[in-house]
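A.B. asks: Here it is, the structure, as structure tokens.
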């Protein structure tokens, strides 16, 4: 098991980047790697401690392939921090019952935002695909924030 850490600079202020993670309309527009989309009607998000984030990523080429996300927020600081836990016990070969995701939003010079995403524990065998998936998603987010 490993810890997946991704740092990305977005050319947008922190509050706009944060909002892209908690606003259902924006989330539907960028979440999921290229080739996958998130139907707006699948998103239910309540960004507060104890609140939930539910959505379903659907493969564009084969809609029968889907990947549901059902997480609970454990810590939320508006425009600064989102921490969620997801039950992953149903995923074969994951090797853990719970995946914790921490997203930090930091101010950078020039009105930009440094995002630090950490997911753990993470199976080493799945890290490369997850890193590529986030990178692909963040490329879509860049376009929305532009």
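Residue numbers (the numbering used here): -18 to 127. Note that the Cβ used here is the ideal one computed from N, Cα and C, for glycine as well.
Based on Cα-Cα distance, which residue from 87, 104, 116 lies nearest to residue -6?
C.D. replies: Within the chain shown, the letter at position 13 stands for residue -6. Measuring from the Cα of residue -6, the nearest candidate turns out to be 87.
A.B. asks: Candidates 17, 50, -9: which alpha carbon is nearest residue 90's?
C.D. replies: In the chain shown, counting from the first residue as 1, residue 90 sits at position 109. It is -9.
A.B. asks: Can you grab the Cα-Cα spacing for the pair residue 73 / residue 24, in whole Å?
C.D. replies: Position 92 of the chain shown, counted from the first residue, corresponds to residue 73. Position 43 of the chain shown, counted from the first residue, corresponds to residue 24. Approximately 24 Å between the Cα atoms of the pair.
A.B. asks: Going by CA-CA distance only, name the one from 113, 93, 102, 60 that's closest to residue 76.
C.D. replies: Here residue 76 refers to the residue found at position 95 when the chain shown is read from its first residue. For the residues 113, 93, 102, 60, the minimum Cα distance to residue 76 belongs to 102.
A.B. asks: For residue 14 versus residue 117, is the C-beta spacing smaller than 9 Å?
C.D. replies: Locating residue 14 in the chain shown gives position 33, counting from the first residue. Locating residue 117 in the chain shown gives position 136, counting from the first residue. Contact flag set, yes.
A.B. asks: In terms of residues, what are the limits of the beta strand (DSSP E) holding residue 61?
C.D. replies: Here residue 61 corresponds to residue number 80 of the chain shown, with the count starting at 1. Per DSSP, residue 61 belongs to no beta strand (DSSP E) and is neither H nor E.
A.B. asks: Does the beta-carbon of residue 120 have 16 or more other beta-carbons within 10 angstroms, so that it is buried, or is it exposed?
C.D. replies: Here the question's residue 120 lines up with position 139 in the chain shown. Residue 120 comes out exposed.
A.B. asks: Between the Cα of residue 84 and the Cα atoms of 62, 78, 67, 92, which residue gives the shortest distance?
C.D. replies: Walking along the chain shown from the start, residue 84 turns up at place 103. The shortest C-alpha separation from residue 84 is found at 62.
A.B. asks: Alpha carbon to alpha carbon, what distance is there between residue 92 and residue 35?
C.D. replies: Taking the chain shown and counting its residues from 1, the one referred to as residue 35 is at position 54. Taking the chain shown and counting its residues from 1, the one referred to as residue 92 is at position 111. Rounded to whole angstroms, residue 35 to residue 92 spans 30 Å at the Cα level.
A.B. asks: Can residue 60 and residue 33 be called in contact, C-beta distance under 9 Å?
C.D. replies: Looking up residue 60 in the chain shown gives position 79. Looking up residue 33 in the chain shown gives position 52. Not closer than 9 Å, so no.
A.B. asks: Would you mind sorting residue 110 into buried or exposed? The rule is 16 or more other CB atoms within 10 Å of its CB.
C.D. replies: Sequence index remark: in the chain shown, residue 110 carries index 129 (1-based). Result: exposed.
A.B. asks: In whole angstroms, what is the alpha-carbon distance linking residue 5 and residue -18?
C.D. replies: Within the chain shown, the letter at position 24 stands for residue 5. Within the chain shown, the letter at position 1 stands for residue -18. Distance between the alpha carbons of residue 5 and residue -18: 31 Å.
A.B. asks: Taking only the alpha-carbon atoms, compute the straight-line gap between residue -4 and residue 107 and give it to the nearest angstrom.
C.D. replies: Your numbering for residue -4 matches position 15 in the chain shown. Your numbering for residue 107 matches position 126 in the chain shown. Near 31 Å, if we compare the C-alpha coordinates of residue 107 and residue -4.
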